[in-house]
Amino acid sequence: MTKQVELDAIDLKILRELQRDGRMTNVDLAQRVGISAPPCLRRVRKLEETGVIKGYHALLNAPALGFDLVGFCMVGLKRQSEADLKAFAAATAEWQIVRQAWTVSGESDFLLHCVAENLTAFQDFVIEVLTANERVDTVRTMLTIRQVKDIGLVQI
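Just so we're aligned, residue 1 is where the sequence shown starts under full-length UniProt numbering, counting upward by one.
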């Protein structure tokens with residue numbers, strides 16, 4: 001389990017502001033949270049060093065880039081040994097179509113969030129990669145129809 005970092009009110013303000021706009025300057029951030037720039041920068045660096053801030057990214061519009069299909073794969077492994085779970089988790093890092101992956105409880109062992117150009121590309125991945133994987137026992141898929149919420153933020 002990850003150790004929770006102690007955050008004060010200023011740290012929380014910094015995190016809220018950076019979630020809204022990760023590209024703002026340190027001076028702008030400092031003004032928004034009510035402190036001067038040097039301590040603001042020190043706080044941001046500490047939040048980065050402790051892993052509270054994992055990185056900064058541009059949010060891309062997948063359909064505008066030709067990725068029209070979002071699907072989820074629920075994958076059950078033949079064995080749930082630590083070695084098999086680690087090996088399958090490592091394999092997901094190589095699959096570009098898989099954007100996020102979780103180990104889960106219940107009937108499946110993994111939940112994969114996939115983004116593909118189209119149904120054919122998704123099917124090819126499921127058939128040629130997932131079901132062909134020696135560790136995989138079952139694969140169930142769900143295709144999304146329409147996204148109704150995408151905050152992408154942590155509630156703080």
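Backbone N, C-alpha and C define an ideal beta-carbon position, used for all residues, glycine too.
Test item: CB-CB of residue i and residue j under 8 Å
| i | j | result |
| --- | --- | --- |
| Arg135 | Cys114 | no |
| Ala116 | Phe122 | yes |
| Gly76 | Thr138 | yes |
| Ile156 | Arg16 | yes |
| Ile14 | Leu41 | no |
| Met74 | Ser108 | yes |
Alpha helix (DSSP H) segment containing residue i, residue limits
| i | result |
| --- | --- |
| Ala37 | 37-49 |
| Val33 | 26-33 |
Endpoints, beta strand (DSSP E) assigned at residue i
| i | result |
| --- | --- |
| Val75 | 69-77 |
| Asp137 | 136-143 |
| Ala101 | 98-103 |
From the options, residue whose alpha carbon lies closest to that of residue i
| i | options | result |
| --- | --- | --- |
| Phe72 | Arg43, Val154, Met142 | Met142 |
| Asp8 | Val44, Val27, Asp21 | Val44 |
| Gly34 | Ile10, Asp21, Gln19 | Ile10 |
| Ala30 | Arg23, Pro39, Gly22 | Pro39 |
C-alpha distance - residue i paired with residue j, whole-angstrom precision
| i | j | result |
| --- | --- | --- |
| Pro63 | Leu112 | 19 Å |
| Gly51 | Ala91 | 24 Å |
| Leu124 | Asn61 | One detail in the question is off: residue 124 reads as Asp in this sequence, not Leu. Between Asp124 and Asn61, the C-alpha separation is close to 23 Å. |
| Asp68 | Glu6 | 41 Å |
- Specify whether the segment 53-70 and the segment 80-91 touch according to this definition: at least 3 beta carbon pairs, one from each stretch, less than 8 Å apart. no
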